[in-house]
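Participant:
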Amino acid sequence: MSTSHGTATAVDIAAAVRAGERSAVEVLEPYLAAIEARDAELHAFNLVTADEARDAAAALDRRVAAGEDPGPLAGVPVALKDNLCTRGVPTTCSSRILEGWRPPYDATVVARLTAAGAVSVGKTNLDEFAMGSSTENSAFGPTRNPHDPTRVPGGSSGGSAAAVAAGFAPVALGSDTGGSIRQPAALCGVVGVKPTYGLVSRYGLVAFASSLDQIGPFATTVRDAALLLEVIAGHDPCDSTSIPQPAPGLVDVLDRGVEGLRVGVIAELTGEGIAPDVARRVTEAAEALERAGATVGEASVPAAALGLSAYYLIAPAEASSNLARYDGVRYGLRVDARTTGEMMEASRTAGFGDEVKRRIMLGTYALSAGYRDAYYGKALRVRTLIARDFAAAYERFDVLLSPTSPTTAFPIGDKAADPLSMYLNDVCTIPTNLVGDAAMSVPFGTGDDGLPVGVQVLAPALGEVPMFRVGAALEAAAPGAAAVRPDGEEQP
Amino acid sequence: MTTGTSAAASPVALPPYEQVVAEYDPVLGLEVHVELSTATKMFCGCSTAFGAPPNTHVCPVCLGLPGSLPVVNAAAVEAAVRIGLALNCHIAPWCRFARKNYFYPDMPKDFQVSQYDEPIASDGWLDVEIPTDDGPRTLRVGIERAHMEEDTGKTLHVGGTTGRIQGAEYSLVDYNRAGIPLIEIVTKPLEGVGSLAPVVARAYVAELRDLVRGLGVSDVRMEEGSLRCDVNVSLRPSADAPYGLRTETKNVNSLRSVERAVTYEMRRQAGLLSAGQRVHQETRHWHEDTGLTTSGRSKEQAEDYRYFPEPDLVPVAPRDEWVEQLRAGLPEQPSVRRRRLQQQWGFSELEMRDVVNAGAVDLVAHTVAAGASPASAKKWWLGEVARRANEAGHDLDSAAITPQHVARVQALVEQGTLTDKMARAVIEGVMAGEGDPDAVVQARGLGVVSDDAALLAAVDRAIDALPDVAAKVREGKTAAVGALIGAVMKDLRGQADAAGVRALLLDRLGSPS
Numbered sequence: 078m079s080t081s082h083g084t085a086t087a088v089d090i091a092a093a094v095r096a097g098e099r100s101a102v103e104v105l106e107p108y109l110a111a112i113e114a115r116d117a118e119l120h121a122f123n124l125v126t127a128d129e130a131r132d133a134a135a136a137l138d139r140r141v142a143a144g145e146d147p148g149p150l151a152g153v154p155v156a157l158k159d160n161l162c163t164r165g166v167p168t169t170c171s172s173r174i175l176e177g178w179r180p181p182y183d184a185t186v187v188a189r190l191t192a193a194g195a196v197s198v199g200k201t202n203l204d205e206f207a208m209g210s211s212t213e214n215s216a217f218g219p220t221r222n223p224h225d226p227t228r229v230p231g232g233s234s235g236g237s238a239a240a241v242a243a244g245f246a247p248v249a250l251g252s253d254t255g256g257s258i259r260q261p262a263a264l265c266g267v268v269g270v271k272p273t274y275g276l277v278s279r280y281g282l283v284a285f286a287s288s289l290d291q292i293g294p295f296a297t298t299v300r301d302a303a304l305l306l307e308v309i310a311g312h313d314p315c316d317s318t319s320i321p322q323p324a325p326g327l328v329d330v331l332d333r334g335v336e337g338l339r340v341g342v343i344a345e346l347t348g349e350g351i352a353p354d355v356a357r358r359v360t361e362a363a364e365a366l367e368r369a370g371a372t373v374g375e376a377s378v379p380a381a382a383l384g385l386s387a388y389y390l391i392a393p394a395e396a397s398s399n400l401a402r403y404d405g406v407r408y409g410l411r412v413d414a415r416t417t418g419e420m421m422e423a424s425r426t427a428g429f430g431d432e433v434k435r436r437i438m439l440g441t442y443a444l445s446a447g448y449r450d451a452y453y454g455k456a457l458r459v460r461t462l463i464a465r466d467f468a469a470a471y472e473r474f475d476v477l478l479s480p481t482s483p484t485t486a487f488p489i490g491d492k493a494a495d496p497l498s499m500y501l502n503d504v505c506t507i508p509t510n511l512v513g514d515a516a517m518s519v520p521f522g523t524g525d526d527g528l529p530v531g532v533q534v535l536a537p538a539l540g541e542v543p544m545f546r547v548g549a550a551l552e553a554a555a556p557g558a559a560a561v562r563p564d565g566e567e568q569p
Numbered sequence: 008m009t010t011g012t013s014a015a016a017s018p019v020a021l022p023p024y025e026q027v028v029a030e031y032d033p034v035l036g037l038e039v040h041v042e043l044s045t046a047t048k049m050f051c052g053c054s055t056a057f058g059a060p061p062n063t064h065v066c067p068v069c070l071g072l073p074g075s076l077p078v079v080n081a082a083a084v085e086a087a088v089r090i091g092l093a094l095n096c097h098i099a100p101w102c103r104f105a106r107k108n109y110f111y112p113d114m115p116k117d118f119q120v121s122q123y124d125e126p127i128a129s130d131g132w133l134d135v136e137i138p139t140d141d142g143p144r145t146l147r148v149g150i151e152r153a154h155m156e157e158d159t160g161k162t163l164h165v166g167g168t169t170g171r172i173q174g175a176e177y178s179l180v181d182y183n184r185a186g187i188p189l190i191e192i193v194t195k196p197l198e199g200v201g202s203l204a205p206v207v208a209r210a211y212v213a214e215l216r217d218l219v220r221g222l223g224v225s226d227v228r229m230e231e232g233s234l235r236c237d238v239n240v241s242l243r244p245s246a247d248a249p250y251g252l253r254t255e256t257k258n259v260n261s262l263r264s265v266e267r268a269v270t271y272e273m274r275r276q277a278g279l280l281s282a283g284q285r286v287h288q289e290t291r292h293w294h295e296d297t298g299l300t301t302s303g304r305s306k307e308q309a310e311d312y313r314y315f316p317e318p319d320l321v322p323v324a325p326r327d328e329w330v331e332q333l334r335a336g337l338p339e340q341p342s343v344r345r346r347r348l349q350q351q352w353g354f355s356e357l358e359m360r361d362v363v364n365a366g367a368v369d370l371v372a373h374t375v376a377a378g379a380s381p382a383s384a385k386k387w388w389l390g391e392v393a394r395r396a397n398e399a400g401h402d403l404d405s406a407a408i409t410p411q412h413v414a415r416v417q418a419l420v421e422q423g424t425l426t427d428k429m430a431r432a433v434i435e436g437v438m439a440g441e442g443d444p445d446a447v448v449q450a451r452g453l454g455v456v457s458d459d460a461a462l463l464a465a466v467d468r469a470i471d472a473l474p475d476v477a478a479k480v481r482e483g484k485t486a487a488v489g490a491l492i493g494a495v496m497k498d499l500r501g502q503a504d505a506a507g508v509r510a511l512l513l514d515r516l517g518s519p520s
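Sequence lines, in order, name chains F and V. When you line the first sequence up against our numbering, it's residues 78 to 569, in that order. When you line the second sequence up against our numbering, it's residues 8 to 520, in that order.
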């Protein structure tokens with residue numbers, strides 16, 4: 078797909094702006110123009126903050142003119158998933174329940190982006206409260222896939238993925254609870270990273286499932302994703318679960334190659350349930366890595382297949398508690414009623430969509446007296462089992478490989494009525510969240526339908542360095558996405 | 008679980024207490040919430056100061072705004088460990104917070120961060136001393152657990168008749184209290200105390216209050232709610248019968264009320280049981296004014312709190328060395344300290360009990376430390392200060408006078424600057440906010456006239472004015488000197504030391520003193 082303003086990367090933009098070769102205002106305008114031209118069709122954004130972006134870019138240019146260095150993301154337009162708190166700017170989680178709410182504070186990641194010189198262009202659409210795999214569960218209507226507007230962009234960070242794929246911003250932030258960055262990245266043909274749990278502060282990310290949520294970058298290149306992650310990672314005293322370590326250096330490791338790295342292809346995630354054309358791309362990716370000097374073998378993570386079931390108890394359980402606060406008392410939607418209890422019930426009934434209600438009910442049930450141990454408790458034990466299997470696999474391999482999504486982008490409406498088939502979209506991505514490890518999706522050619530395929534690179538906790546090295550190698554070896562016709566035959 | 012209806016039982020007469028304890032064996036359980044006096048809240052940096060305008064000590068975290076995350080206050084953990092150690096508890100080497108889920112408008116997140124099956128302290132005890140007809144008796148109260156949690160906000164229900172949420176026109180919520188650290192201390196079932204149950208309950212809460220105060224981790228002011236007590240009571244026909252159904256009476260917020268609430272619940276439950284009715288397992292409300300409890304929420308329809316480990320917080324893992332350091336730094340147990348002080352002060356059992364019952368142990372100790380004798384310290388605190396505090400409806404320790412003030416007053420008396428009567432006036436002045444004792448003496452023109460010339464002149468005037476009396480004294484009838492003293496004191500408007508005047512008169516009249 079082409080964009081009118083070329084294929085400038087965040088790395089290039091920041092370098093040019095810092096050097097005074099381009100102004101942040103000049104950089105910004107073509108992106109705003111692209112949004113203006115096409116977002117009515119794609120609906121990547123819930124809110125475009127064009128005026129604020131122009132003001133921020135102009136302020137940045139004044140700082141450069143005054144001899145200051147605005148930072149490693151100087152002048153880089155960025156799109157923010159609309160579940161990241163932005164001070165004074167509506168943050169909706171694509172839900173009616175947060176109607177009218179403007180956070181009085183910035184999420185830590187937003188503050189860090191701003192401090193690094195990035196310019197926010199707006200808040201992107203998502204499945205309500207990040208619950209979904211297609212962005213169809215948004216209260217404000219679905220986002221469309223820029224590669225084929227009749228198809229979903231994936232989800233829940235579908236707006237951020239589509240924004241980067243459509244050239245509305247060179248980079249974006251999303252959140253990933255069970256694949257919500259990686260799966261839409263795969264379906265939209267961009268890079269998406271779910272960092273190690275605790276590497277990036279969750280302060281200011283509206284919680285879906287606290288023990289699984291993690292913020293991460295979308296980008297068109299692995300290098301841009303690495304740069305963005307370097308900026309947002311690192312300890313935050315406001316998040317107890319944030320790892321007390323400085324952010325790892327990632328951009329500098331990308332040129333190291335994969336010589337000597339041990340890569341395992343997860344057997345359980347490449348067979349049944351995975352579309353053959355997608356599985357074939359994973360095989361090709363493994364072959365490409367071998368050619369580049371890595372050792373490739375077959376890895377077995379038997380418990381990974383149990384991830385989906387465990388996830389759909391743990392995530393809803395946490396969500397049922399996290400979403401209790403939307404009760405009409407303090408902020409957001411309030412539907413008046415005779416008593417406080419009835420007001421809460423009426424507000425929640427009107428404010429939440431079906432999928433959110435479904436998960437609140439699932440989670441409430443999973444934690445209720447008499448069932449807690451059989452459901453929530455057993456799911457936690459499965460989680461431990463999966464962690465053990467991954468740990469065993471990482472004794473033999475530095476990174477693991479699998480598809481990101483079992484299929485390429487599916488048509489809008491195809492799975493909306495069937496939650497179970499929708500949930501199966503995340504079968505390859507969920508285990509990483511349960512374990513707290515890192516994983517990323519790198520575009521690797523297309524499927525038989527000509528739509529992008531993503532290959533997932535998985536790494537143990539804090540294994541971002543080998544993961545990014547493999548990601549960079551895959552990017553270098555990837556078949557040109559646009560150069561592949563639906564019949565799979567490569568063009569000259 | 009029982010499935011009976013919660014229809015109100017027909018009213019039954021309250022049997023006399025003697026009959027209740029003759030027919031039933033009470034089992035008690037006490038849950039005490041202590042608000043810690045840390046500078047900041049349990050999970051954020053907001054102030055915990057009492058009495059600020061509504062919703063001024065709040066931030067995204069204690070308001071539970073979307074996206075906010077809690078961070079544990081290390082000072083609160085330290086206080087919890089010290090309380091646990093002082094209660095002879097096992098300190099968990101690793102424990103977690105849990106979410107207690109239920110909807111209530113004064114809870115910003117609609118869950119309370121608490122501890123569930125992994126309390127920081129468990130399995131301890133506290134010895135309490137209770138007076139009996141056979142002398143003091145020491146009872147060991149088992150401590151089930153002590154755990155950390157956050158307080159809720161406060162709701163003011165406006166309109167309606169009950170002041171409760173049902174029937175109110177609207178409600179106002181103040182979140183200043185939301186997130187203030189609490190330690191909940193739960194006893195094991197307290198059995199075998201029979202008719203002493205109400206007294207033991209009171210003594211336990213008093214002892215716990217002294218212990219926590221001694222640790223310096225809380226104001227433990229029941230009237231401000233920094234120590235709150237829930238009282239569980241059940242009855243059974245005999246000590247070997249299984250426990251009966253219990254009621255939990257909430258927010259019993261004075262020592263006297265603890266005793267009264269237990270007594271009332273024992274009588275109420277005995278009345279029901281003796282009339283062939285059953286006790287409903289329920290939460291009850293305590294009414295300070297009437298001394299009654301009334302039915303609240305039925306435990307049979309109790310909420311399912313859906314506890315699970317708080318995923319936004321990392322486990323608390325106190326290191327052994329740190330715990331041992333805290334243990335080594337614990338102050339004396341209040342009972343040990345009281346025995347030591349009693350000995351040091353030379354008080355009788357009865358005198359010491361008066362001091363303890365008045366809640367004046369610390370006050371007397373601080374006054375002694377400031378230089379006063381134990382007897383004089385006790386005299387002022389249990390006498391004039393207690394009388395005035397009682398008139399103003401204050402507890403002794405919230406009276407507007409400090410141990411240093413009292414010690415200074417006593418020193419002025421001993422110097423002969425103040426008479427006993429003047430000293431009482433100085434205490435009144437200090438408690439009325441007129442400044443420290445010296446300032447009051449100055450401002451009110453109090454103080455014994457020690458100017459010898461003025462005093463001698465007054466003595467001579469008195470002798471001249473009452474020659475008959477003077478003659479009697481000269482003859483050795485010293486008892487008659489009182490009239491002369493009175494005349495001198497009147498002349499000097501009371502600003503003289505009576506004993507000094509007496510000595511002077513006797514000297515002047517050549518009588519043996």
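Don't be surprised by glycine CBs; every beta carbon is placed ideally from N, CA and C. Please read these numbers as outputs of a predicted model, since none were measured by experiment.
Express the C-alpha separation of residue 139 (chain V) and residue 425 (chain V) in angstroms, rounding to a whole number.
Facilitator: 41 Å
Participant: Any Cβ of chain F within less than 8 Å of the Cβ of residue 397 (chain V)?
Facilitator: no
Participant: Starting from residue 177 (chain V), trace the beta strand (DSSP E) both ways and give me its first and last residue.
Facilitator: 177-181
Participant: Does residue 8 (chain V) come within less than 8 Å of chain F when only Cβ atoms are used?
Facilitator: In this prediction, residue 8 (chain V) has a pLDDT of 36, which is less than 50 and means its spatial position is unreliable; what the coordinates show is noted afterwards. No, because no Cβ of chain F sits closer than 8 Å to the Cβ of residue 8 (chain V).
Participant: Which word fits residue 362 (chain F), buried or exposed, when buried means at least 16 other C-beta atoms lie within 10 angstroms of its C-beta?
Facilitator: The residue in question, residue 362 (chain F), is buried, as its Cβ has 16 or more Cβ neighbours within 10 Å.
Participant: Tell me the rounded alpha-carbon separation between residue 272 (chain F) and residue 184 (chain V).
Facilitator: In a straight line, the C-alpha of residue 272 (chain F) is about 37 Å away from that of residue 184 (chain V).
Participant: Does residue 10 (chain V) come out as helix, strand or coil in the three-state DSSP assignment?
Facilitator: Because residue 10 (chain V) carries a pLDDT of 38, less than 50, the predicted location of this residue cannot be relied on, and the following value inherits that uncertainty. Residue 10 (chain V) falls in the coil class under three-state DSSP.
Participant: Give me the Cβ distance between residue 63 (chain F) and residue 119 (chain F), rounded to the nearest whole Å; I'm assuming they're in contact under 8 Å.
Facilitator: Nothing can be reported for residue 63 (chain F), as the shown portion of chain F is limited to 78 through 569.
Participant: Across the region 510-521 of chain F and the region 282-299 of chain F, are there enough close Cβ pairs to call them in contact, namely three or more that are closer than 8 Å?
Facilitator: yes
Participant: Excluding five sequence neighbours on each side, which residues of the same chain lie with their C-beta closer than 6 Å to the C-beta of residue 344 (chain V)?
Facilitator: none
Participant: For residue 109 (chain F) versus residue 196 (chain F), is the C-beta spacing smaller than 8 Å?
Facilitator: no
Participant: Closest to residue 346 (chain V) by CA distance: which of V:359, V:337, V:438 is it?
Facilitator: V:359
Participant: Assuming residue 236 (chain V) and residue 212 (chain V) are in contact, meaning their beta carbons sit under 8 Å apart, how far apart are those beta carbons, in whole angstroms?
Facilitator: 6 Å
Participant: Return the chain-ordered list of same chain residues with a C-beta closer than 7 Å to the C-beta of residue 224 (chain V), the five sequence neighbours on each side being excluded.
Facilitator: 43, 44, 86, 89, 90
Participant: Note down, in chain order, all residues in the region 426-450 of chain F with a beta-carbon under 8 Å from any beta-carbon belonging to chain V.
Facilitator: 441, 444, 445, 446, 449
Participant: Using C-beta distances below 7 Å, list every residue in its chain close to residue 220 (chain F), excluding the 5 sequence neighbours before and after it, in chain order.
Facilitator: Around residue 220 (chain F): 119, 120, 121, 202, 212, 230, 235, 236, 239.
Participant: Would you kindly report the start and end of the unbroken beta strand (DSSP E) that includes residue 108 (chain V)?
Facilitator: First-last of the beta strand (DSSP E) with residue 108 (chain V): 105-108.
Participant: Look at residue 527 (chain F) and residue 172 (chain F) and say whether their C-beta atoms are less than 8 Å apart.
Facilitator: For residue 527 (chain F) and residue 172 (chain F), no; Cβs fall outside 8 Å.
Participant: Taking Cβ-Cβ distances below 9 Å as the criterion, which residues of the region 178-199 of chain V are in contact with chain F?
Facilitator: 178, 180, 182
Participant: Name the one or two DSSP bridge partners that residue 445 (chain V) has.
Facilitator: DSSP output for residue 445 (chain V) lists no bridge partner at all.
Participant: CB residue 122 (chain V) to CB residue 154 (chain V), shorter than 8 Å?
Facilitator: yes
Participant: By the 10 Å Cβ neighbour count, where 16 or more other Cβ atoms means buried, how is residue 160 (chain V) classified, buried or exposed?
Facilitator: Classification of residue 160 (chain V): buried, given that the 10 Å Cβ count is 16 or more.
Participant: Kindly indicate which residue of F:162, F:403, F:462, F:393 has the alpha-carbon position closest to the one of residue 184 (chain F).
Facilitator: Considering only alpha carbons, the answer is F:162.
Participant: Considering only residues of the same chain and omitting the five flanking positions on each side of residue 335 (chain F), which have a CB-CB separation below 7 Å?
Facilitator: 366, 369, 370, 371, 546, 547, 550
Participant: Can you find the residues in the same chain that come closer than 7 Å, C-beta to C-beta, to residue 477 (chain F), ignoring five residues on each side of it along the sequence?
Facilitator: 341, 343, 376, 470, 535
Participant: Please check if any C-beta of chain F sits within less than 8 Å of the C-beta of residue 24 (chain V).
Facilitator: no
Participant: Can you grab the Cα-Cα spacing for the pair residue 478 (chain V) / residue 341 (chain V), in whole Å?
Facilitator: 59 Å
Participant: For residue 397 (chain V), is the classification buried or exposed, using 16 other Cβ atoms within 10 angstroms of its Cβ as the cut-off for buried?
Facilitator: exposed
Participant: List, in chain order, every chain V residue whose beta-carbon is nearer than 7 Å to that of residue 281 (chain F).
Facilitator: 74
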